[in-house]
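Let me begin by presenting the structure, written as structure tokens, before commenting on it.
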Amino acid sequence: MNLMSYTDSDISIGASQVAAVLGFSPYETPQSIWRKIVGLEPTATESPLSTFRKRLGNLLEDDVLDLFEKETGRVVVTKQPDTKKRKGFIHATPDGIADDGSLVEIKTSSDSLWEEVPYHYYIQVQIQMYVHERDKTYIPALCSMNYHCYVVDYNERDAIRFVEQAKWFYDTYVLPRIEPPPSLTRVLRKSEELSTVEATEKIIELAQRYRELKEAELEIIDKLNALRQEIKKLLPPRTRAVDKEGNVVVSRSVATVRPSINQQALREYYPDVFYQVAGEPRTIERIVVR
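Right under this line is the structure:
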């Protein structure tokens, strides 16, 4: 996707804002994030508890990063703000870049440890990997004083889908400074659900096709085995070829075949058969039948 035409604009969407743009943030709406992007004052203020949690999370980030390095053996070689990078209308500033080239995004939460990375964080790190052109992100997470490091691999299909949806939002609402309607969240989520359904249907279709091809492959193998047995029935009995002194030259079946026969194919399927092409000089003095 060519995003170079957007680099001249001073306005960009942050990777952490894309989930809100798409209607999947539990903290922001497309309307509230739009006001931040275009530089307007928010219509609602954060609660004191929400503000406190954010401040506490920021204070704990360095400790979580130290724990990540000790637990994984990785070293964070680049930290904010030096991780900031922009691609078109999107910018990404992960918390760090590890010595193996992977991104690092620290999360703190009052929730219990997640069974899987929450979807709004998944969107964020996919966008970050898209902008930074990386294949993996570590998410060291401190949840209710319990620690776990999650690993998310880059999924190009998902990342491109998120970028395309964010581009539509940017072109439709950000550049012309048109405030998005309240119904946008419902519309965007419906679009995402349809994309997921289409992907699932495609997977089912490909799985069905694979099963059909596998069954056809097994049928062909059965036919080849049956054909091999038929050919074996037509081959001459096992013999021994000896030279003038009586030494065994070949201890396998001997068959005379026409020059037009595909000898290489026969040898691959029946390596225990000695083939002698009709019309060629013979190198065997006599044949002794067992």
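Per this note's numbering, the sequence shown starts with residue 10, numbered consecutively.
Ideal Cβ positions, reconstructed from N, Cα and C, are used throughout, including at glycine.
Backbone secondary structure at residue i - three-state DSSP
i: Leu303; result: This structure does not reach residue 303, given that the chain is present from 10 up to 299, and the question cannot be answered.
i: Thr146; result: strand
i: Ile169; result: helix
i: Thr92; result: coil
i: Ser262; result: Any reading at Ser262 is ruled out, since the residue's pLDDT is 49, under 50, leaving its predicted position unreliable.
i: Ala250; result: Note on Ala250: pLDDT 49, under 50, position unreliable in the model; the coordinate value appears next. The answer is strand: DSSP assigns Ala250 an E or B state.
i: Val30; result: helix
i: Asp19; result: coil
i: Ser119; result: coil
i: Ser25; result: helix
i: Leu49; result: coil
CB of residue i within 9 Å of CB of residue j, strictly
i: Val309; j: Lys96; result: Here the chain comprises residues numbered 10 to 299, so residue 309 is not present and cannot be evaluated.
i: Ala24; j: His100; result: yes
i: Leu74; j: Asp104; result: yes
i: Ala107; j: Val84; result: yes
i: Val30; j: Ile22; result: yes
i: Thr146; j: Ser118; result: no
i: Val183; j: Val47; result: yes
i: Thr81; j: Pro90; result: no
i: Met312; j: Tyr159; result: With the chain covering 10 to 299 only, the question about residue 312 has no answer from this structure.
i: Thr194; j: Ile187; result: no
i: Pro57; j: Ser41; result: no
Beta-carbon separation (whole angstroms), residue i vs residue j, contact threshold 8 Å
i: Ile148; j: Val134; result: 7 Å
i: His129; j: Pro35; result: 7 Å
i: Ile132; j: Ala28; result: 4 Å
i: Leu122; j: His157; result: 5 Å
i: Trp43; j: Pro189; result: 6 Å
Residues that residue i bridges to, as DSSP identifies them
i: Val85; result: Ala107
i: His157; result: Ala150
i: Lys223; result: Answer by DSSP bridge pairing: none, since Lys223 is not bridged.
i: Leu112; result: Ile106 and Thr146
i: Ile99; result: Ile22 and Lys96
Nearest to residue i (by Cα), restricted to the options the options
i: Asp120; options: Leu222, Lys94, Cys152 and Ile240; result: Cys152
i: Ser192; options: Gly32, Asn67, Asp162 and Ile169; result: Gly32
i: Met154; options: Pro57, Glu188, Glu70 and Gln174; result: Glu70
i: Phe98; options: Lys241, Glu214, Leu243 and Phe178; result: Phe178
i: Lys88; options: Val113, Arg44, Glu80 and Leu68; result: Val113
i: Gln26; options: Leu243, Leu68, Ile136 and Asp109; result: Ile136
i: Lys93; options: Glu142, Lys223, Ile169 and Arg218; result: Glu142
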